[in-house]
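Asker: Read top to bottom, the protein sequences are chains A and B. Heads up: the first sequence begins at 281 in the working numbering, then just goes up one per residue. Heads up: the second sequence begins at 16 in the working numbering, then just goes up one per residue.
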Amino acid sequence: MSDVSIRTRINGEEWTGAVEPRLLLSDFLRGNLGLTGTHVGCEHGVCGACTVRFDGDPVRACLMFAVQIDGHEIETVEGLSPAAGTDLRIADLHPIQRAFHETHGLQCGFCTPGILMTVASFLERNPKPSDREIREAISGHLCRCTGYHNIVAAVARAAELLTEVEA
Amino acid sequence: MKPARFDYVAPTNLDDALSALAAGGGEARALAGGQSLVPMLNFRLGGPATLVDLNAVDELAFVEPTEEGGLRLGAMARQQTLEHDPLVRIRAPLLAEAAPWIAHAQIRSRGTIGGSLAHADPAAELPALLMVLGAQARVARAARGSESGARIERASSLCDLYLGPFFTSLEADEILTEVEIPGLRVGEGTAFAELARRRGDYAIVGVAVRVRLGADGLCEDAAISLINAGPTPCLAEDAAAALLGEVPTPAAIANAAEIASLQCSPAADMHGSVAYRRHLVRVLTNRVLLRARGRARERVV
Ligand SMILES: Cc1cc2nc3c(=O)[nH]c(=O)nc-3n(C[C@H](O)[C@H](O)[C@H](O)COP(=O)(O)OP(=O)(O)OC[C@H]3O[C@@H](n4cnc5c(N)ncnc54)[C@H](O)[C@@H]3O)c2cc1C
Ligand code: FES
Ligand code: FES
Chain A
281 MSDVSIRTRI
291 NGEEWTGAVE
301 PRLLLSDFLR
311 GNLGLTGTHV
321 GCEHGVCGAC
331 TVRFDGDPVR
341 ACLMFAVQID
351 GHEIETVEGL
361 SPAAGTDLRI
371 ADLHPIQRAF
381 HETHGLQCGF
391 CTPGILMTVA
401 SFLERNPKPS
411 DREIREAISG
421 HLCRCTGYHN
431 IVAAVARAAE
441 LLTEVEA
Chain B
16 MKPARFDYVA
26 PTNLDDALSA
36 LAAGGGEARA
46 LAGGQSLVPM
56 LNFRLGGPAT
66 LVDLNAVDEL
76 AFVEPTEEGG
86 LRLGAMARQQ
96 TLEHDPLVRI
106 RAPLLAEAAP
116 WIAHAQIRSR
126 GTIGGSLAHA
136 DPAAELPALL
146 MVLGAQARVA
156 RAARGSESGA
166 RIERASSLCD
176 LYLGPFFTSL
186 EADEILTEVE
196 IPGLRVGEGT
206 AFAELARRRG
216 DYAIVGVAVR
226 VRLGADGLCE
236 DAAISLINAG
246 PTPCLAEDAA
256 AALLGEVPTP
266 AAIANAAEIA
276 SLQCSPAADM
286 HGSVAYRRHL
296 VRVLTNRVLL
306 RARGRARERV
316 V
C-alpha cells in the first residue's frame with residue numbers, strides 16, 4: 281500500500297510526486313493541488329460536478345484514482361481561463377464561461393465547472409449542435425438550481441462565440 | 016465515502032496482468048474503466064486487497080475487422096469507440112445505434128466493453144447487444160499448478176457467461192480479453208430501442224433484435240434479446256422461433272412480441288412494476304422487429 285510516483289501535466293503544468301493508490305483524482309486535485317474548482321457531489325459518477333478532462337475527454341474525477349493520471353494530461357476548470365484572478369474581467373473569461381455569464385446559465389454554480397469541461401469537449405466534436413444534441417450532451421450533469429433551460433441557451437451561445445473566435 | 020486501502024499494480028501486458036490476478040488468490044480484482052468498480056469501492060461494497068489496473072495493457076484496447084466481415088473488440092476498447100468508430104458503424108450498426116444509450120459521454124470515455132460484460136448488470140445494454148449478434152467472448156488466465164504453458168484460454172458464448180445478476184462464469188483469476196462478432200449477412204437487419212428516464216440512465220427495459228430474410232421474404236433467422244427484463248440479459252428464444260419460416264407480417268411480429276412479453280421475468284423497482292415492464296417488452300419488441308425487418312429488406316439481394 282506504499283505510495284506510487286506519478287508524472288503528469290495538469291492545466292499545462294508538469295507535476296511529479298507520490299500519491300497513495302486509493303486517493304481519488306477529485307480529492308487529489310482539490311486537497312493536494314488546491315484546485316477546488318472541481319466540485320464533489322455524489323462520488324459515484326451520477327452528478328457530474330467533478331467532471332474534468334483526461335487527455336481531452338471528459339471523465340468523472342471521482343471514479344479515477346490519482347495514480348491513473350501517470351503519463352496523462354488533466355484539464356480542470358482553472359485551466360479554461362488562465363488569466364482569471366482577483367481582478368477578473370469578464371472579457372478574460374473563456375468563451376464558454378462568457379456564454380454562461382451572458383445567458384444566466386448558473387445560479388449557485390456548484391454544477392458549473394463540471395458542465396464547462398463537458399461542454400468544452402462536446403463543442404470540439406460538434407461545433408454547431410442542435411438543441412436536442414445539447415440536451416443529450418448535458419444529460420450527465422445534475423443542476424439543482426437552473427431548471428436547465430438557461431444552460432442549454434448557454435451552450436448554444438458558447439457555440440456561437442467559439443465560431444466567432446475562429447472566424 | 017472513500018475507498019479502503021489496496022495495493023495497486025499497473026501491468027503493461029496481458030501475461031503480467033494474469034499473473035498479478037492469480038497471485039492475488041481471489042483477493043485481487045481487475046480495474047478496467049472503473050465506472051462500476053470505483054463507485055462500489057467508494058461505497059465500500061467489497062474491498063479487494065489488490066487492484067490490477069488494465070488501462071496500460073494496450074494489447075487489449077483494439078477494434079479490428081475480421082476476414083469474415085465481422086469485428087473483434089478488445090476488452091479495453093472504450094464504450095465511446097462504439098459511437099465514433101466508422102468501422103463499427105459499418106460492420107456492427109446495432110452497436111453504433113445503441114452506444115449513446117450506454118451511460119453518459121463522461122462514463123463512456125472510460126468505461127470499457129470488457130468491464131460492462133464482466134460486471135453483468137441485468138440493466139446493461141452491451142451484454143444483450145452482443146448476445147443478439149451471436150458474439151463469442153475469449154477468456155484467459157495464467158496456468159495453474161501443474162498446467163503447462165503460460166496462459167490458458169477458452170471461448171464462451173455470451174449466453175454461457177451469465178449466471179445471475181452481477182454474477183458470471185468468469186473465475187477470479189480470469190480476464191475476458193475480447194469478443195468477436197460475426198459480420199452482418201445478406202438479408203440481415205438489426206435494431207435497438209430502450210426506455211430510460213433520461214438518455215444515459217440504465218434501461219427500464221430495452222430490446223435488441225436481429226432478423227434475416229431470404230429472397231422469398233421468409234424469415235430465415237431471428238434473435239431477440241431483452242435488457243432488464245430478467246435476472247440476466249437473455250434471449251427470448253420462443254419469441255424468435257415463432258418468426259422462423261414465416262413472412263414477418265405485422266401480425267406475426269405482434270405475435271412474437273406477445274410471446275416475449277409473456278415469457279420474460281422482470282422484477283419491479285421504483286421505475287416500474289412487473290406489468291409495466293411486460294408492457295414495455297411487448298411494445299418495444301414490436302417496434303424494433305418492424306424496424307429490423309425494414310433494414311433486412313434493404314439488404315436482400
Ligand atoms: C452514472 C453512471 C451511469 C451508467 N449508466 C449505464 C447504462 O445506462 N448502461 C450500462 O450498460 N452501463 C452504465 N454504467 C456502467 C458503465 O457502463 C460501466 O463502465 C460498466 O458497467 C463497467 O465497465 P468498466 O470498464 O468501467 O469496468 P470496471 O468498473 O473497471 O469493472 C467492473 C467489474 O468488472 C470486472 N472486470 C472489468 N474488466 C474485466 C475483464 N476484462 N475481465 C474480467 N473482469 C473484468 C472488474 O473487476 C469489476 O468487478 C453507468 C455507470 C455510471 C457511473
Ligand atoms: S462527484 Fe463525481 S459524479 Fe458526482
Ligand atoms: S447552478 Fe446550482 S446546481 Fe447548477
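Just so you know, even glycine gets a beta-carbon here, dropped at the ideal spot from N, CA and C. Everything numeric in this text was worked out from a predicted model, so none of it was measured.
#1: So P18 (chain B) contacts chain A; which residues on that side make the cut at Cβ distance below 7 Å?
#2: Compare the C-alpha of L422 (chain A) against each of A:D283, A:A379, A:E294 and A:C322 and name the closest.
#3: I'd like to confirm the pairing. Which residues does DSSP put opposite C234 (chain B) in its beta bridges?
#4: How is the alpha helix (DSSP H) around L109 (chain B) delimited, first residue to last?
#5: Which residues, in chain order, does the stretch 324 to 337 of chain A contribute to contact with chain B at a C-beta distance below 8 Å?
#6: How would you write the range of the beta strand (DSSP E) that Q121 (chain B) sits in, first residue to last?
#7: Taking DSSP's pairing of strands, which residues face W295 (chain A) in a bridge?
#8: Is there at least one Cβ from chain A nearer than 8 Å to Y23 (chain B)'s Cβ?
#9: Who's in the neighbourhood of ligand 2, going by beta-carbon under 6 Å from any heavy atom, listed in chain order?
#10: Please report how far the alpha carbon of E140 (chain B) lies from the alpha carbon of G420 (chain A), in whole angstroms.
#11: Output yes or no for whether 8 Å exceeds the beta carbon distance between M397 (chain A) and T331 (chain A).
#12: On the three-pair Cβ rule with 8 Å, is the stretch 349 to 362 of chain A touching the stretch 286 to 304 of chain A?
#13: DSSP on L29 (chain B), reduced to helix/strand/coil?
#14: Counting pairs of beta carbons, one from the stretch 194 to 214 of chain B and one from the stretch 223 to 242 of chain B, are three or more of them closer than 8 Å?
#15: Output the distance between the C-alpha atoms of L52 (chain B) and A135 (chain B), rounded to the nearest integer angstrom.
#16: Hey, does G420 (chain A) have any beta-carbon neighbour from chain B nearer than 8 Å?
#17: Quick one: does G221 (chain B) have its CB under 8 Å from some CB of chain A?
#18: I want to know whether the stretch 239 to 252 of chain B touches the stretch 275 to 285 of chain B - three or more CB-CB distances under 8 Å.
#19: Along the chain, where does the beta strand (DSSP E) that runs through I167 (chain B) open and close?
#20: So, is the C-beta of F77 (chain B) closer than 8 Å to a C-beta in chain A?
#21: Going by DSSP in three states, T443 (chain A) sits in which element: helix, strand or coil?
#22: If the criterion is Cβ atoms closer than 8 Å, does the pair F207 (chain B) and L109 (chain B) meet it?
#23: What residue ranges within the stretch 33 to 91 of chain B form continuous beta strand (DSSP E) runs of no fewer than 3 residues, ordered along the chain?
#24: Does the beta-carbon of A25 (chain B), which I'm using as the reference point, lie nearer than 7 Å to any heavy atom of ligand 1?
#25: Going along the chain, which residues of its own chain have a beta-carbon closer than 7 Å to the beta-carbon of E300 (chain A), five neighbours each way excluded?
#26: Is E261 (chain B) helix, strand or coil by DSSP?
#27: So which residues on chain B does A417 (chain A) lean against when the C-beta distance must stay under 8 Å?
#28: Evaluate the contact criterion for the stretch 209 to 224 of chain B versus the stretch 162 to 178 of chain B: three or more CB pairs, one atom per stretch, below 8 Å.
#29: In angstroms with no decimal places, state the Cα-to-Cα distance between L258 (chain B) and G325 (chain A).
#30: In chain order, what residues of the same chain lie with their CB nearer than 7 Å to the CB of Q387 (chain A), ignoring the 5 residues before and after it?
#31: Could you name the residues of chain A that R104 (chain B) contacts, counting a contact when the two beta carbons are closer than 8 Å?
#32: Helix or strand or just coil, what does DSSP make of L315 (chain A)?
#33: Give me the chain B residues within the contact set of R424 (chain A), using Cβ-Cβ distance strictly less than 9 Å, ordered along the chain.
#34: Would you say Q95 (chain B) touches ligand 3, meaning its beta carbon is less than 7 Å from a heavy atom?
#35: Going by the beta-carbon positions, is the gap between L11 (chain B) and A90 (chain B) smaller than 8 Å?
#36: With a threshold of 8 Å between beta-carbons, can G49 (chain B) be considered close to chain A, or not?
Answerer: Taking the geometry as given:
#1: In the second sequence, residue 18 (chain B) corresponds to position 3, counting from 1. Those within 7 Å of P18 (chain B) in chain A are R302.
#2: To locate residue 422 (chain A), count along the first sequence from 1; it is residue 142. Taking L422 (chain A) as reference, the option from A:D283, A:A379, A:E294 and A:C322 with the minimal CA-CA separation is A:C322.
#3: Against the second sequence, residue 234 (chain B) aligns to sequence position 219. Paired residue(s): B:L228.
#4: As a working note, residue 109 (chain B) is residue 94 in the second sequence. Per DSSP, the unbroken alpha helix (DSSP H) holding L109 (chain B) starts and ends at P108 to A113.
#5: Considering only beta carbons, the part of the stretch 324 to 337 of chain A lying closer than 8 Å to chain B consists of H324, G325, G328, T331, F334 and D337, in chain order.
#6: Position 106 of the second sequence, counting from 1, holds the residue named residue 121 (chain B). Not the beta strand (DSSP E): Q121 (chain B) falls in the alpha helix (DSSP H), residues A120 to R123.
#7: Within the first sequence, the letter at position 15 stands for residue 295 (chain A). W295 (chain A) pairs with A:T288.
#8: To locate residue 23 (chain B), count along the second sequence from 1; it is residue 8. Answer yes: the Cβ-Cβ gap between Y23 (chain B) and chain A drops below 8 Å somewhere.
#9: With the cut-off at 6 Å, the residues found are A:V320, A:G321, A:C322, A:E323, A:G325, A:V326, A:C327, A:G328, A:A329, A:C330, A:R340 and A:C342.
#10: Locating residue 140 (chain B) in the second sequence gives position 125, counting from the first residue. Locating residue 420 (chain A) in the first sequence gives position 140, counting from the first residue. Spanning the two alpha carbons is a distance of roughly 17 Å.
#11: As a first step, residue 397 (chain A) is located in the first sequence; it is residue number 117 there, counting from the start. As a first step, residue 331 (chain A) is located in the first sequence; it is residue number 51 there, counting from the start. Taking the C-beta atoms as reference points, T331 (chain A) is found nearer than 8 Å to M397 (chain A).
#12: Cβ pair count under 8 Å is three or more, so yes.
#13: Here residue 29 (chain B) is taken as the residue at index 14 of the second sequence, counted from 1. Three-state DSSP puts L29 (chain B) in a helix.
#14: The stretch 194 to 214 of chain B is in contact with the stretch 223 to 242 of chain B.
#15: The residue given as residue 52 (chain B) occupies position 37 in the second sequence. The residue given as residue 135 (chain B) occupies position 120 in the second sequence. The C-alpha of A135 (chain B) is placed about 12 Å away from the C-alpha of L52 (chain B).
#16: Taking the first sequence and counting its residues from 1, the one referred to as residue 420 (chain A) is at position 140. Interface annotation, G420 (chain A): in contact with chain B, CB-CB separation under 8 Å.
#17: The count along the second sequence starts at 1 and reaches residue 221 (chain B) at position 206. No, its Cβ sits nowhere closer than 8 Å to a Cβ of chain A.
#18: Result yes; three or more Cβ-Cβ pairs closer than 8 Å.
#19: Here residue 167 (chain B) is taken as the residue at index 152 of the second sequence, counted from 1. Where I167 (chain B) is concerned, the enclosing beta strand (DSSP E) stretches over R166 to S172.
#20: Mapped onto the second sequence, residue 77 (chain B) falls at position 62. It does not: the Cβ of F77 (chain B) has no partner Cβ on chain A nearer than 8 Å.
#21: On the first sequence, position 163 is the one that residue 443 (chain A) refers to. The answer is helix: DSSP assigns T443 (chain A) an H, G or I state.
#22: Residue 207 (chain B) sits at position 192 when you count from the first residue of the second sequence. Residue 109 (chain B) sits at position 94 when you count from the first residue of the second sequence. Yes, they are a contact pair.
#23: Runs found: 43 to 46, 65 to 68, 78 to 80 and 86 to 89.
#24: By 1-based counting over the second sequence, the position of residue 25 (chain B) is 10. Ligand 1 never approaches A25 (chain B) closely enough for any of its heavy atoms to be under 7 Å from the residue's Cβ.
#25: Reading the first sequence from its first residue, position 20 is the one you call residue 300 (chain A). Excluding five sequence positions before and after E300 (chain A), the CB atoms of its chain that fall closer than 7 Å to its own CB belong to D283, given in chain order.
#26: Indexing the second sequence from 1 puts residue 261 (chain B) at position 246. Correct three-state label for E261 (chain B): coil.
#27: Here the question's residue 417 (chain A) lines up with position 137 in the first sequence. In chain order: A120.
#28: The count of Cβ pairs closer than 8 Å, one atom from the stretch 209 to 224 of chain B and one from the stretch 162 to 178 of chain B, stays below three, leaving the stretches out of contact.
#29: Locating residue 258 (chain B) in the second sequence gives position 243, counting from the first residue. Locating residue 325 (chain A) in the first sequence gives position 45, counting from the first residue. So the two alpha carbons sit approximately 41 Å from each other.
#30: As a working note, residue 387 (chain A) is residue 107 in the first sequence. Listed in chain order, the non-local C-beta contacts of Q387 (chain A) below 7 Å within the same chain comprise C425 and T426, local neighbours out to five positions each way being set aside.
#31: Taking the first residue of the second sequence as 1, we reach residue 104 (chain B) at position 89. Within chain A, no residue comes near R104 (chain B); the closest Cβ sits about 15 Å away, beyond 8 Å.
#32: The sequence position of residue 315 (chain A) within the first sequence is 35, counting from 1. Residue state, collapsed to three classes: coil.
#33: Looking up residue 424 (chain A) in the first sequence gives position 144. Near R424 (chain A) there are no residues of chain B at all, since even the closest Cβ is about 15 Å away, more than 9 Å.
#34: Stepping through the second sequence from its first residue, residue 95 (chain B) is reached at position 80. No; taking the cut-off as 7 Å, the Cβ of Q95 (chain B) has no heavy atom of ligand 3 nearer than that.
#35: Residue 11 (chain B) lies beyond the stretch modelled for chain B, which goes from 16 to 316, so this question has no answer here.
#36: One-based indexing of the second sequence puts residue 49 (chain B) at position 34. Answer yes: the Cβ-Cβ gap between G49 (chain B) and chain A drops below 8 Å somewhere.
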